[in-house]
Amino acid sequence: MREITFLSLYEYFISHINEISKLSLEHIYLVIVPVLIAMCVAIPLGILLTRKESISRPILGIIGAIETIPGLALLIFMIPLFGLGNRPAIVALFLYSLLPILRNTYAGIKGVSQGLLEAGKGMGMTGFQLLTYVELPIAFPVIMAGIRTAIVVIIGWATLAAFIGGGGLGVLIVSGLGMSNMRRVLSGAIPAAIMAIIAEYLLEYLEKIITPKGLRINKR
Amino acid sequence: MSSSEEVIINYQNINKKYGNHKAVIDFNLEVNKGELIILIGPSGCGKTTTLKMTNRLIKPTSGKIYVKGEDTDKINPVDLRRSIGYVIQEIALFPHMSVEDNITVVPKLLGWPPKRRRERAYELLNLVAMNPKIYAKRYPAELSGGQQQRIGVLRALAADVDIILMDEPFGSLDPITRSQLQDEFKNLQEKLHKTIIFVTHDMDEALKMADRIVLMRSGKIVQIDTPDMILRSPADSFVKDFIGKDRLTRSPDEVLVNEVMYTDPITIRPRQGLAEALQRMKSRHVNGLIVVDSDHKFLGIVTLRKLQENIEEKGKSVENIMTTSSTIGENQTMREAVKIMADARIEYLPVVDDQKKLKGLITRASLVDILLDHIWIEEGEKKE
Numbered sequence: 030m031r032e033i034t035f036l037s038l039y040e041y042f043i044s045h046i047n048e049i050s051k052l053s054l055e056h057i058y059l060v061i062v063p064v065l066i067a068m069c070v071a072i073p074l075g076i077l078l079t080r081k082e083s084i085s086r087p088i089l090g091i092i093g094a095i096e097t098i099p100g101l102a103l104l105i106f107m108i109p110l111f112g113l114g115n116r117p118a119i120v121a122l123f124l125y126s127l128l129p130i131l132r133n134t135y136a137g138i139k140g141v142s143q144g145l146l147e148a149g150k151g152m153g154m155t156g157f158q159l160l161t162y163v164e165l166p167i168a169f170p171v172i173m174a175g176i177r178t179a180i181v182v183i184i185g186w187a188t189l190a191a192f193i194g195g196g197g198l199g200v201l202i203v204s205g206l207g208m209s210n211m212r213r214v215l216s217g218a219i220p221a222a223i224m225a226i227i228a229e230y231l232l233e234y235l236e237k238i239i240t241p242k243g244l245r246i247n248k249r
Numbered sequence: 307m308s309s310s311e312e313v314i315i316n317y318q319n320i321n322k323k324y325g326n327h328k329a330v331i332d333f334n335l336e337v338n339k340g341e342l343i344i345l346i347g348p349s350g351c352g353k354t355t356t357l358k359m360t361n362r363l364i365k366p367t368s369g370k371i372y373v374k375g376e377d378t379d380k381i382n383p384v385d386l387r388r389s390i391g392y393v394i395q396e397i398a399l400f401p402h403m404s405v406e407d408n409i410t411v412v413p414k415l416l417g418w419p420p421k422r423r424r425e426r427a428y429e430l431l432n433l434v435a436m437n438p439k440i441y442a443k444r445y446p447a448e449l450s451g452g453q454q455q456r457i458g459v460l461r462a463l464a465a466d467v468d469i470i471l472m473d474e475p476f477g478s479l480d481p482i483t484r485s486q487l488q489d490e491f492k493n494l495q496e497k498l499h500k501t502i503i504f505v506t507h508d509m510d511e512a513l514k515m516a517d518r519i520v521l522m523r524s525g526k527i528v529q530i531d532t533p534d535m536i537l538r539s540p541a542d543s544f545v546k547d548f549i550g551k552d553r554l555t556r557s558p559d560e561v562l563v564n565e566v567m568y569t570d571p572i573t574i575r576p577r578q579g580l581a582e583a584l585q586r587m588k589s590r591h592v593n594g595l596i597v598v599d600s601d602h603k604f605l606g607i608v609t610l611r612k613l614q615e616n617i618e619e620k621g622k623s624v625e626n627i628m629t630t631s632s633t634i635g636e637n638q639t640m641r642e643a644v645k646i647m648a649d650a651r652i653e654y655l656p657v658v659d660d661q662k663k664l665k666g667l668i669t670r671a672s673l674v675d676i677l678l679d680h681i682w683i684e685e686g687e688k689k690e
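Chain order of the listed sequences is X and Z.
Numbering follows our numbering, in which position 124 of the first sequence is assigned residue number 153; successive positions increment by one, without gaps.
Numbering follows our numbering, in which position 342 of the second sequence is assigned residue number 648; successive positions increment by one, without gaps.
Written as structure tokens, this is what we have:
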């Protein structure tokens, strides 16, 4: 294997820029789709669990167990069910992003103080109004933190999609490993890492500007 | 007490059981319109349960509660709650809503248009002397505990309800703020004449605020009476103990003025203007100021009434309208203080030292009332 210098890596990066940007876009797709689906499932489910305490433990337990399955194993397990390509990868990544969002939705809503709930109820809010006027706005920063965790983790996991025939930056890593071309491996790994860092900051900023102002003051 | 004797809340044979535990037993009470009823008793006596049954946060096991003649079983609980104000000890302002939005939660639920809601919020803020231009857009976290609970009370008033339930509303505040809010609330109540059910475990608060006190123990009513009657003729030894031995047995001859005086009365200098004096009374919520010179020597008293009579006359300053007043030394007894106040028919008695320097102020606040009652009882007994 040729010794890697910053310059040679840079040259490789420039000469393959089209491929890298195409795969980056696909990578973003592989992150956004499963996380969006997970949000649609986990947020309502999290709310439901706060209403039905009896089922909250088993459900949180099952979804916690999925999280412990190694990434590659889960992906391979998806092949008999969904075949090869992006589809099984999206299903697997969806399952991974469920837990942080579900757990934070549940914890965020559970964390709303009894006093606030009693005040809301005592003033004549219906169950739905209590949820939309009080619980969700107050739990919002916690739910948002769960989504952020999910996105950052999935940006990493999504590189594994290439192992089961999917796309994304993992393609560069898998093929680079096959060719023993470390520059190729790094041209997949480095953009993925940068993407994770940017996502973290961007989402943190987004969370800050859309958190209700009164709650931001509280944090100080 | 209210002039009309219209019954607005009627509790009939209310019982509440949790399993085998009887939390409230045969609770019967007719609450008149405009009355401030205080439910008091040791913890676990059923006072909070009774309060929460009024707006059906808790369902009675048996018995009926009528609000304005309507059986509350037959009203949708959500509608019932929107028609009754509710203030709790935790204050529980919604942290993500501005002061204005917090105040107008119930009007919003009732579908008032935004313009009307804002007008209502401003009107209410003005009522407690919190400038809406400053406070309407603030958030609860930016307010002091006392300000937060003022907003808590305004929130209960916002939908122009007739009945307000208050569950230890001032319980989480420090003693000074608590007493300030009690005074403010009492003044507010004198203007608004709401019907109020108020839970506390603080006897001082009950004696100070209540039209009638309902004393409860282990789910049962022990005594229902005016503060005065509760002090004069406690129903049994439990009530006596609950009122507190100190309050009943410590003779006014033993209590010294400096034990009970306010050490920091609101003062003003003789050359200050009338408008300034008025402003100070408003901002400190008092109806009189003590006039002192630069050495803090006592000169006189300015009352709100005197001030209002003269406010139009621009040339006048405080010294033109102040009145002299009896004073008392700080080591004299409360019996002497009470006598001076009763003879001179004054509400304030400045406390001064040998050089006439102002040391404090005795007012006809709770303690003096209690002492007055006590003297009455004693003297009544002597005659018998």
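Note that beta-carbon positions come from the ideal geometry of N, C-alpha and C, so glycine has one too.
Excluding the 5 residues preceding and the 5 following residue i in the sequence, name in chain order all residues of the same chain whose CB lies nearer than 6 Å to its CB.
| i | result |
| --- | --- |
| Ala121/X | Leu103, Leu104, Met107 |
| Arg249/X | For Arg249/X, the predicted model reports a pLDDT of 40, less than 50, meaning its position is unreliable and no value from the coordinates is stated. |
| Pro571/Z | Ile596, Leu667 |
| Leu201/X | Arg213, Ser216, Gly217 |
| Glu229/X | Val181 |
Is it buried or exposed, residue i, if we count other Cβ atoms within 10 angstroms and call 16 or more buried?
| i | result |
| --- | --- |
| Gly137/X | buried |
| Asp407/Z | buried |
| Cys69/X | exposed |
| His56/X | buried |
| Asn334/Z | exposed |
| Gly417/Z | exposed |
| Tyr324/Z | exposed |
| Asp379/Z | exposed |
| Ala427/Z | buried |
| Asp473/Z | buried |
| Ala118/X | buried |
| Lys688/Z | For Lys688/Z, the predicted model reports a pLDDT of 48, less than 50, meaning its position is unreliable and no value from the coordinates is stated. |
| Leu342/Z | buried |
| Arg164/X | It is worth fixing the name first, because residue 164/X is Glu in this sequence and not Arg. Answer is buried; the Cβ neighbour count reaches 16. |
| Gln455/Z | buried |
| Arg362/Z | buried |
| Tyr568/Z | exposed |
| Gly391/Z | buried |
| Ala221/X | buried |
| Ser309/Z | In this prediction, Ser309/Z scores a pLDDT of 46, lower than 50, which makes its location untrustworthy; the coordinate-derived value is nonetheless stated afterwards. Exposed is the call here. |
| Thr630/Z | exposed |
What is the rounded straight-line gap between the Cα of residue i and the Cα of residue j?
| i | j | result |
| --- | --- | --- |
| Ser450/Z | Ile397/Z | 12 Å |
| Gly114/X | Lys237/X | 37 Å |
| Ile227/X | Ile61/X | 14 Å |
| Tyr162/X | Phe169/X | 11 Å |
| Leu605/Z | Phe544/Z | 47 Å |
| Arg444/Z | Leu399/Z | 12 Å |
| Gly196/X | Pro99/X | 20 Å |
| Val171/X | Val64/X | 16 Å |
| Ile502/Z | Ile469/Z | 6 Å |
| Val313/Z | Gly340/Z | 10 Å |
| Thr34/X | Gly199/X | 22 Å |
| Pro87/X | Ile95/X | 13 Å |
| Thr506/Z | Leu460/Z | 19 Å |
| Val563/Z | Val657/Z | 8 Å |
Strictly below 9 Å CB to CB, what residues from chain X border residue i?
| i | result |
| --- | --- |
| Ser404/Z | Lys242, Gly243 |
| Glu396/Z | Ser142, Gln143, Gly144, Leu145, Glu147, Ala148 |
So residue i contacts chain Z; which residues on that side make the cut at Cβ distance below 8 Å?
| i | result |
| --- | --- |
| Val171/X | The contacting residues do not exist; Val171/X stays about 13 Å from chain Z at best. |
| Ile227/X | The premise fails here: Ile227/X is roughly 28 Å from chain Z at the closest Cβ pair, so nothing lies under 8 Å. |
| Val214/X | Result: empty, since nearest Cβ-Cβ is about 47 Å, beyond 8 Å. |
| Val163/X | Phe400 |
Who are the Cβ neighbours of residue i in its own chain at under 7 Å, not counting the five residues just before and after it?
| i | result |
| --- | --- |
| Phe548/Z | Met509, Leu521 |
| Ala71/X | Leu127, Ile130, Leu131, Thr134 |
| Leu74/X | Leu131 |
| Leu38/X | Arg212, Leu215 |
Excluding the 5 residues preceding and the 5 following residue i in the sequence, name in chain order all residues of the same chain whose CB lies nearer than 8 Å to its CB.
| i | result |
| --- | --- |
| Gly686/Z | With a pLDDT of only 47 at Gly686/Z, under 50, the local geometry of the prediction cannot be trusted, and the value read off the model is given with reservation. Taken in chain order, the list of residues that qualify is empty. |
| Ser404/Z | Ala442, Lys443, Arg444, Tyr445 |
Whose Cβ in chain Z lies nearer than 9 Å to the Cβ of residue i?
| i | result |
| --- | --- |
| Thr155/X | Val384, Leu415 |
Give the residues of chain X in contact with residue i, contact being defined as C-beta atoms less than 8 Å apart.
| i | result |
| --- | --- |
| Arg388/Z | Met152, Gly153 |
| Val412/Z | Met152, Gly153 |
What does residue i touch in chain Z if you count any residue whose Cβ is under 7 Å from its own?
| i | result |
| --- | --- |
| Ile167/X | Pro401, His402 |
Starting from the beta carbon of residue i, find every residue of chain X whose beta carbon is closer than 7 Å, and list them in chain order.
| i | result |
| --- | --- |
| Asn361/Z | Gly151 |
For this session: Please determine if the stretch 143–163 of chain X and the stretch 200–208 of chain X are in contact, where contact requires at least 3 C-beta pairs separated by less than 8 Å.
Result: Short answer: they don't touch.
Exercise. Any contact of the stretch 383–391 of chain Z with the stretch 149–159 of chain X, i.e. 3+ C-beta pairs under 8 Å?
Worked result: Between the stretch 383–391 of chain Z and the stretch 149–159 of chain X there are three or more C-beta pairs closer than 8 Å, enough to call the two in contact.
For this session: Report yes or no: do three or more beta-carbon pairs, one from the stretch 621–630 of chain Z and one from the stretch 575–595 of chain Z, lie closer than 8 Å?
Result: Taking 8 Å as the limit for Cβ pairs, the verdict is that the stretch 575–595 of chain Z does touch the stretch 621–630 of chain Z.
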